[in-house]
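Have a look at the structure below before the remarks.
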Amino acid sequence: MHDEEGLYRNVRNDPHNFAGEGADWRVSQAAFGDRSRQPSVDRAWLRDYEPRNSQHDPADCVVCLVAQDVRTVRDVAPREVDVVPDPVLDHHILPDNPAHARVVTDPALDNNSQFRRLKRALAKRCTVMIMPGGATPESGSA
Amino acid sequence: MNTLEVNGTAPFMRRRSLDSISGVTSAYKSGMLEGLREHAIYAPVGPPRQWAVWGWDTGGPAMLVFLGATGAMMVAPHVAPHVTWSYSTLRSLPADLEATYADIEALKGLDAGWNGYDVAAPKIEAIHEATEWIEQFYEDVSRSGLAWRKPHVAADENGEVTFEWWNGDKGLTIYVSADGSISYLKDWGPDMVDDMEDGPLATPQERRDLWVWFMRQ
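Residue numbers (my numbering), protein chains in the order written: chain A, 16 to 157; chain B, 65 to 281.
Laid out in structure tokens, this is it:
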């Protein structure tokens, strides 16, 4: 995966995932929660660079990360943060998603403290592509 | 038989469905006892001073119990004869926390996977601990003469309750676990090493120091 690759993450339109209003509006770290400690993303080019293709619901928010930015997130231990392809195919529950990838660390995160920092870093680095409710940020209707 | 011992605090939380009760404003206290799904406490708005506790027995009908200001107990006989209520001290909290208590209460409605991914539902014990902790933190801040800011309330993947604040580039997150342990993460940039610090949070002084750091421009 190239450093320049864009990565979309669907953020459910739930008020617990967002805070503030107007210029103070932010994505909460809660939006990156995952018990696997490997947050899911979609590779943008495999979604035709259309963030709406990553929405689970038309009202969901979509944020974008850049692979290089994720990879420059670093931890205290000699640990690398990376994004790796993880296509979902023929899963017994999940729909097929060839674009699916995961934010991973090597070695794996082994405590809450490290994952809390990772979530916070991702929340700070992400850019909003679709606001909750389905509007694009430029439209100002979020 | 279920027993309710009212010995906690009475943070304000208006409950729309209860506002029609004359002479009282509604307030809410969560998680005081086992066996009741929910209950609320009404704070008085004027004489005669009267407290009331409202709750539902598990699977049973709604009940309304009035408590006198002296602690004398008056139970409406038709509501819940199988429930015994006792009373100690009640006190009220500032309205500053009203919305926050509502946000904490709303966590009870979240199921596992609420954020669309593999996350646990918020743990009821963590919700109760968070209710107590935010009151404590608010009092610490108020005693220090510092301004209060409403937190963003959410939960993490383990069902712990989180309080988040932002102040420019600064961020502060508090994690409240089901066993009552509290930890913090403060950040002033995106770098996980150079721009973040975390640790346990226990004493009033630690809480005040953290808020002073957060509020400083």
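From the three backbone atoms N, C-alpha and C, an ideal C-beta is built for every residue, glycine too.
- Those residues of the segment 29 to 59 of chain A placed with their C-beta closer than 9 Å to a C-beta in chain B are Asp-29, Pro-30, His-31, Asn-32, Phe-33, Ala-34, Gly-35, Asp-39, Arg-41, Ser-43, Gln-44, Ala-45, Ala-46, Phe-47, Gly-48, Asp-49, Arg-50, Ser-51, Arg-52, Pro-54, Ser-55, ordered along the chain.
- By the Cβ test, the segment 192 to 206 of chain B is not in contact with the segment 106 to 126 of chain A, since fewer than three Cβ pairs between them sit closer than 8 Å.
- Looking at the backbone, the Cα of B/Leu-171 and that of A/Cys-141 are separated by about 25 Å.
- Distance check between A/Arg-135 and each of A/His-71, A/Asp-125, A/Gln-44, A/Asp-101 places A/Gln-44 closest, using alpha-carbon atoms only.
- Excluding its 5 nearest sequence neighbours in each direction, B/Asp-262 has C-beta neighbours in its own chain below 8 Å: Ser-247, Tyr-248, Leu-249, Lys-250, listed in chain order.
- If you draw a straight line from the Cα of B/Ala-163 to the Cα of A/Leu-104, it is about 44 Å long.
- Scanning chain B for C-beta atoms nearer than 7 Å to the C-beta of A/Ser-128 yields Asp-262, reported in chain order.
- Ranked by Cα distance from B/Lys-214, the first of B/Gln-269, B/Trp-252, B/Ala-166 is B/Ala-166.
- Within chain B, the residues Gly-180 have their CB atoms less than 8 Å from the CB of A/His-71, given in chain order.
- Put simply, of B/Asp-160, B/Ala-219, B/Gln-281 the residue whose alpha carbon is nearest the alpha carbon of B/Ile-188 is B/Ala-219.
- Taking the Cβ atoms as the reference, A/Met-146 lies roughly 13 Å from A/Cys-79, outside the contact range of under 8 Å.
- Straight through space, the alpha carbons of A/Phe-47 and A/Leu-137 are spaced by roughly 8 Å.
- Minimum Cα-Cα distance from A/Pro-54 among the listed residues A/Gly-37, A/Val-119, A/Asn-127 corresponds to A/Val-119.
- In the DSSP assignment, B/Tyr-202 falls within the unbroken alpha helix (DSSP H) covering 188 to 207.
- The C-alpha of B/Met-279 lies about 25 Å from the C-alpha of A/Gln-129.
- By the Cβ-count criterion, A/Glu-65 is exposed, with fewer than 16 other Cβ atoms from all chains shown falling within 10 Å of its own Cβ.
- B/Leu-174 and B/Leu-236 do not touch by the CB rule: their CB atoms are close to 22 Å apart, not below 8 Å.
- Counting of Cβ neighbours within 10 angstroms places B/Arg-207 among the exposed residues, the total staying below 16.
- According to the DSSP assignment, A/Asn-25 belongs to the beta strand (DSSP E) that extends over 21 to 26.
- Shown here for A/Val-56: same chain residues with a beta carbon closer than 6 Å to its own, the five before and five after excluded, namely Leu-22, Arg-24, Ala-116 in chain order.
- In terms of beta-carbon proximity, A/Ala-82 stays away from the interface with chain B, with every pair separated by 8 Å or more.
- Chain order gives no chain A residues near B/Thr-267, where near means a beta carbon separation below 8 Å; the closest approach is about 20 Å.
- The contact set of B/Val-183 on chain A, defined by CB atoms closer than 7 Å, consists of Gly-48, Asp-49, Arg-50 in chain order.
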